[in-house]
Amino acid sequence: MHIAPWFWFALVVLVFWGACGIFQKLTTNHISAESAMIWLVVGYLLLQPFLYPGKVLFHYSTQNIIWGLLSGFLSTLGSCGLYAALRCGGRASIVIPISAMYPLVVVVLAPFLLHESITLVQGCGVACALIGVALVST
Amino acid sequence: MAVKDTLRARWFWYSILCVVLWGPFMIASKLGAREIPAPAMQFLFTIGSLPILLVLLPVRHFRLEKNVKGIAYGTASGIVAGLGTVALFAAYGTGGNTSVITAVISLYPMVTVIMAVLILREHLTWVQMAGLVFVGGALILFSL
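Line order of the protein sequences matches chains W and A. Quick note, the first sequence lines up with residues 0 to 137 if you use numbering that gives the first Met the number 0. Quick note, the second sequence lines up with residues 0 to 143 if you use numbering that gives the first Met the number 0.
Written out as structure tokens, the structure reads:
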């Protein structure tokens, strides 16, 4: 059975982001969610010396550099939205499953922005994933 | 009535804001990762997240709790999240289907729940166990 290379990278994401969830839970046992957010970004910054690509960075197209910057901005702002929802009295058992619905936005936007479509089997997989992650997050 | 109350609640709209921002986060990641290698994308991602830090610090009057454990766990969460995001950009960089990759990586709460059971000795509810069955089904469907 051939498994696509992206699948292995995605499994690495699952392990690291899954572990991140544990660290975030332990963090908010000791400090506020806003402070946790700040120290999360400090953690990102500690990785920067190992990630700096050198002068080659300036050879990438401006458009793609903007996509890279925008991804960080949108991700962190989205996390702020999540913390704000919890702070405004939203129950974690409702807020977190709602926040886990973001792949739906990608499924809707991808055909228009990336000219990609999914097969019926993949569509069933997406539906299973959304139901599964909503139930697991409660 | 309950639906009306939910639609009026600020927490609901903040949750929707989160979904509305994280979807385009994935699209932007895919678009950038088509040309830029994963480590360089993570470098840019961090620079992109700095404006939020620059807003949060003044909001808190530059005062942060000085709990050592909280700081250590918080920083560690940033390091592991950053390493995970490098793998996310690498996955998108392979040219795989964005919707499918996004659906797979959105399953990470499953790993958190399993780790919480193994490390923090938390207990799984029946609803979470049912969720794990769906997650397993999704992974099988994506590997077909």
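Ideal Cβ positions, reconstructed from N, Cα and C, are used throughout, including at glycine.
Residues of chain A with CB under 9 Å from residue i, in chain order?
i: F57(W); result: None at all; the shortest Cβ gap to chain A is about 11 Å.
Taking its Cβ as the centre, do 16 or more other Cβ atoms sit within 10 Å of residue i, making it buried, or is it exposed?
i: K65(A); result: exposed
i: I118(A); result: exposed
i: I139(A); result: exposed
i: N96(A); result: buried
i: W125(A); result: exposed
i: T111(A); result: buried
i: I2(W); result: exposed
i: S116(W); result: exposed
i: Q47(W); result: exposed
i: T61(W); result: exposed
i: G89(W); result: buried
i: S48(A); result: buried
i: L106(A); result: buried
i: L53(A); result: exposed
i: P102(W); result: buried
i: V55(W); result: exposed
When you compare the CB of residue i with every CB in chain A, is at least one pair closer than 8 Å?
i: L119(W); result: no
i: A91(W); result: no
i: H114(W); result: no
i: T26(W); result: yes
Work out the CA separation of residue j and residue i for me, nearest whole Å.
i: V91(A); j: L13(W); result: Looking at the sequence shown, residue 91(A) is not Val but Tyr. Approximately 14 Å, taken between the alpha carbons.
i: G94(A); j: R33(A); result: 7 Å
i: F11(A); j: S92(W); result: 12 Å
i: N63(W); j: I130(W); result: 33 Å
i: L63(A); j: W7(W); result: 38 Å
i: V106(W); j: K68(A); result: 39 Å
i: A129(A); j: V135(W); result: 8 Å
i: G67(W); j: L87(A); result: 12 Å
i: A37(A); j: M109(A); result: 24 Å
i: F42(A); j: Y51(W); result: 6 Å
i: G73(A); j: G42(W); result: 7 Å
i: A71(A); j: T26(W); result: 8 Å
i: L39(W); j: G80(W); result: 15 Å
i: S28(A); j: S14(A); result: 21 Å
i: V132(W); j: V18(A); result: 14 Å
Mind listing the chain A neighbours of residue i? Cutoff is C-beta to C-beta under 7 Å, in chain order.
i: T75(W); result: S48 and I51
Under a CB-based cut-off of 8 Å, is residue i close to chain W?
i: L3(A); result: Reading the sequence as shown, one finds Lys at residue 3(A) and not Leu. Judged by the 8 Å Cβ criterion, K3(A) is not in contact with chain W.
i: V110(A); result: yes
i: P57(A); result: no
i: F144(A); result: Absent from the model: residue 144(A). The displayed extent of chain A is 0 to 143, so no value can be given.
i: R7(A); result: no
i: V134(A); result: yes
So with CB distances below 8 Å, who are the chain A contacts of residue i?
i: A32(W); result: Within 8 Å Cβ-Cβ: nothing; A32(W) doesn't reach chain A, min ~10 Å.
Kindly list, in the order they appear in chain W, the residues whose Cβ is closer than 9 Å to that of residue i.
i: V19(A); result: G77, G80, Y101 and V104
i: V116(A); result: Near V116(A) there are no residues of chain W at all, since even the closest Cβ is about 11 Å away, more than 9 Å.
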